[in-house]
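I have placed the structure first, in the form of structure tokens, so that the comments after it can refer back to it.
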Amino acid sequence: MNPALSVIFFTTLSGAGYGLLAWTGMAVLLGRLPNAAAAIAIAIGLALASVGLLSSTFHLGKPLRAWRAFSQWRTSWLSREGVMAVLTYLPGVAMIALALSGNGGTAAAWPAAALVLLALLTVACTAMIYASLKPIPAWGHRLVMPVYLLFAAQSGLALALAMGGTMGGSGSATSDPRAIVAVAALGLLLAAAKWRYWHDIDRGTPAADSGSAVGLPGREIGVFERPHTEANYITREMGFVLARRHATRLRRIAVMLFAGLPLLLAVAALAWPAAQAPAAILIALAVLLGAFVERWLFFAEARHAVMAYY
Numbered sequence: 005m006n007p008a009l010s011v012i013f014f015t016t017l018s019g020a021g022y023g024l025l026a027w028t029g030m031a032v033l034l035g036r037l038p039n040a041a042a043a044i045a046i047a048i049g050l051a052l053a054s055v056g057l058l059s060s061t062f063h064l065g066k067p068l069r070a071w072r073a074f075s076q077w078r079t080s081w082l083s084r085e086g087v088m089a090v091l092t093y094l095p096g097v098a099m100i101a102l103a104l105s106g107n108g109g110t111a112a113a114w115p116a117a118a119l120v121l122l123a124l125l126t127v128a129c130t131a132m133i134y135a136s137l138k139p140i141p142a143w144g145h146r147l148v149m150p151v152y153l154l155f156a157a158q159s160g161l162a163l164a165l166a167m168g169g170t171m172g173g174s175g176s177a178t179s180d181p182r183a184i185v186a187v188a189a190l191g192l193l194l195a196a197a198k199w200r201y202w203h204d205i206d207r208g209t210p211a212a213d214s215g216s217a218v219g220l221p222g223r224e225i226g227v228f229e230r231p232h233t234e235a236n237y238i239t240r241e242m243g244f245v246l247a248r249r250h251a252t253r254l255r256r257i258a259v260m261l262f263a264g265l266p267l268l269l270a271v272a273a274l275a276w277p278a279a280q281a282p283a284a285i286l287i288a289l290a291v292l293l294g295a296f297v298e299r300w301l302f303f304a305e306a307r308h309a310v311m312a313y314y
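According to my numbering, the sequence shown is numbered sequentially starting from 5.
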């Protein structure tokens, strides 16, 4: 599939934003977040989610018609994602208002719980947009949704650390090094999941070939004439080809960014407490870059069954 930058920015930024919202909501529920820090974290999370959602409309043929997608929530994961995304604003704005008015604490418990649930549901709906597309076998893998949720959790927590650590008991990133360890642990879990995913799609059998397309499965069919003399929309959007050697190199880069570097920086931060603040910023940058590279590969390596025709 064509790795459109607008969609990659959307899934990366919005995933980080919703992850930040989920972590912030959980911190409020645990009573470990000051009102001012909660308001700032939620505002940044909503802003990232909004930027991501707006960037996704740039890939549409008619961006002004995007609002019509909301009416198809019964059958469309894209529509459900839009509904969940809009609903997430309600507890988010409510928590900001409560925090600014000094009425946090127990009053924010219900909005915080709703924020956690809706943020995670939005990310799950985003994953299902791709996981539900049967003509693209690589996206139907069982690890697609867990990986999306793990990236949201890791990038959201990394952002919290870079902001000054809204997860710590005193509102400082350096007050609770367990958060840095958690980011590194999520990176290792992601690396294991992605290697399994890549292993499976590399060895998976194609959903269709020229033989099965004409009712002769298991036969090798020769093509004497191409369907088109030049590229068209389908070949441009669904026929992106990525060389295996480039894919392997990019996979290693992605894993090093979202798993290797956070682990090394976490070790350095634990060994030298004074380095925790700069390490948190570097971890956030590495995680976001790693998520971007992984998401580019997610699209570039996917192959639509229609390409058997071409």
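Every residue, glycine too, gets a C-beta built ideally from N, C-alpha and C.
- Look at the beta carbons and you see the segment 150-167 touching the segment 20-28: at least three pairs across the two are nearer than 8 Å.
- In the three-state DSSP reduction, Arg207 falls in the helix class (H, G or I).
- Using a C-beta cut-off of 8 Å, the segment 271-278 makes no contact with the segment 103-123, since fewer than three inter-stretch Cβ pairs fall below that distance.
- The alpha-carbon separation between Arg182 and Gly243 amounts to approximately 44 Å.
- By the neighbour-count definition (other C-beta atoms within 10 Å, threshold 16), Tyr152 is a buried residue.
- Here Pro7 is actually not in contact with Phe228; their C-beta atoms are around 32 Å apart, not less than 8 Å.
- Per DSSP, Glu85 is one residue of the alpha helix (DSSP H) stretching across 81-104.
- For Leu261, there is no enclosing alpha helix (DSSP H), as DSSP gives it neither H nor E.
- In terms of Cβ geometry, Ala281 and Ile184 do not form a close pair [threshold 8 Å].
- When DSSP states are grouped into helix, strand and coil, His308 belongs to the coil group.
- In this model, Ala89 and Pro95 are separated by some 11 Å (Cα to Cα).
- In this structure, Ile205 lies near His145, with their beta-carbon atoms less than 8 Å apart.
- By the Cβ-count criterion, Pro221 is exposed, with fewer than 16 other Cβ atoms from all chains shown falling within 10 Å of its own Cβ.
- Less than 8 Å divides the Cβ of Ala117 from the Cβ of Leu33.
- One thing to note: Ile287 has its Cβ within 8 Å of the Cβ of Ala162.
- Counting other Cβ atoms within 10 Å of its Cβ, Val187 reaches 16 or more and is therefore classed as buried.
- Buried is the label assigned to Trp202, since at least 16 other Cβ atoms lie within 10 Å of its Cβ.
- Inter-residue distance for Tyr22 and Gly35 is about 20 Å (C-alpha atoms, whole angstroms).
- Check the Cα spacing between Gly56 and each of Leu17, Thr239, Ile48, Leu68: the tightest is with Leu17.
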